[in-house]
Structure formats: C-alpha cells, structure tokens
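Sequential numbering from 2 applies to the sequence shown in the numbering used here.
Just so it is clear, CB atoms sit at the ideal spot from N, CA and C, and this is done for glycine as well.
In what follows, a single structure is set out as structure tokens and then discussed.
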Amino acid sequence: MNKDKSQNLILNMVNFYTLFSVEFIDLIPDLTNSEITPLLSRILNFIHFEGTTTATKISKKLNITIPNTSRSINTLNKLGYIVKKQDENDKRVIYLSLSAKAINLILSVAGAGESKFLDKFKVLSENEILELSHSFLRLQELLIKIRDLNLQDNKKKS
C-alpha cells in the first residue's frame, strides 16, 4: 500500500472512531450490579469485544496495573463470569474468555438498552439500515481477519 493510501486509511479510521464514539459509546452496556463493579464491567466489556485475551493485554489496553488486573480477573473467575485456559505450549500464558453467565448478563443489559439504540436509526430508510448493517458486518469480518492473521504471524515469530 502506498503512503497516500495508508494515510487515507488511517485518517478514515480515526474519523470513523471519533464519530462512532461520540454517537454510540454511551450504548456500551454498563454491566454493574451487586456483583460487578465499574472496573469489572470494563474488563468484561473488553473481553467481550476482544474475544479470547490475556491479563497482560487487558492491563495494557485498559491502563490498569497488573496487580489490580490480576485481582479483578480472579474475582470475575470466582463469580463465574470468565473462563481461564492455560496455553498448551507456554504454561505461563492464561487465556481469558467469557463464560455463559457473562454472555447472558451482557445480552440482558444490551437488550434493555435496545430501544434507546434503535431510536437513533429512525431517520434512515430500510435500505439504508440494511446497507449499514452489511457494512458493519463486513468491517467486523475484516477486523477479525486482521487480528487473527496478525496473531498467527506473531506466534510464528515467537
């Protein structure tokens, strides 16, 4: 990719993220309840968006200290919201993913905010909504491809 195309891609990504954040960031589910603190909610949402991840990644991306991340992960594990799986090759690496309990919590909270979310789209036609939906699906597929191929490439280099 030439320099102009790469700069254009980065500019478009930044502009999209900024606009999306302003319009929709408040729609990310707030999972706080009697068991889940705001910090634990942030971690659950991160794992939900990231997919299987590690404590180190959570710590770096959410700017949380390693000890605090570790305590939070242990709490989420004891409460049954995450599943830990040890890497087969490197026993020091623990992969974290959401449990069925966490997914059910996210779905219930997201469902409650659905009408607020859908109100934003009343101004679009059915065709525009369909086009937007397909665009988001395609964007998601490409981002997952980028993530997975880079993850595989990094594992090969290790």
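Less than 8 Å between the C-beta atoms of residue i and residue j, yes or no?
i: arginine 93; j: leucine 63; result: no
i: isoleucine 67; j: serine 73; result: no
i: glutamate 51; j: leucine 80; result: no
i: isoleucine 130; j: phenylalanine 122; result: yes
i: isoleucine 107; j: histidine 49; result: yes
Going by alpha carbons, who is nearest to residue i out of the options?
i: alanine 103; options: Leu77, Glu115 and Glu127; result: Leu77
i: aspartate 31; options: Gly112, Ser126, Leu140 and Thr54; result: Gly112
i: isoleucine 95; options: Thr53, Ser116 and Leu106; result: Thr53
i: phenylalanine 47; options: His135, Lys79, Ser7 and Leu97; result: Leu97
i: leucine 41; options: Ser109, Leu99 and Leu119; result: Leu99
How is residue i classed by DSSP in three states: helix, strand or coil?
i: lysine 102; result: helix
i: isoleucine 65; result: coil
i: leucine 97; result: strand
i: threonine 19; result: helix
i: threonine 54; result: strand
i: glutamate 24; result: helix
i: proline 39; result: helix
i: valine 124; result: coil
For the beta strand (DSSP E) holding residue i, just list the boundary residues, first then last.
i: lysine 86; result: 83-87
Between which two residues does the alpha helix (DSSP H) containing residue i stretch?
i: leucine 119; result: 115-120
i: glutamate 127; result: 127-158
Around the Cβ of residue i, are there at least 16 other Cβ atoms within 10 angstroms (buried) or fewer (exposed)?
i: threonine 70; result: buried
i: tyrosine 82; result: buried
i: alanine 101; result: exposed
i: isoleucine 145; result: exposed
Compare the C-beta of residue i against all C-beta atoms of chain B and say whether one is closer than 8 Å.
i: leucine 10; result: The structure shown contains no chain B; it is built from a single protein chain.
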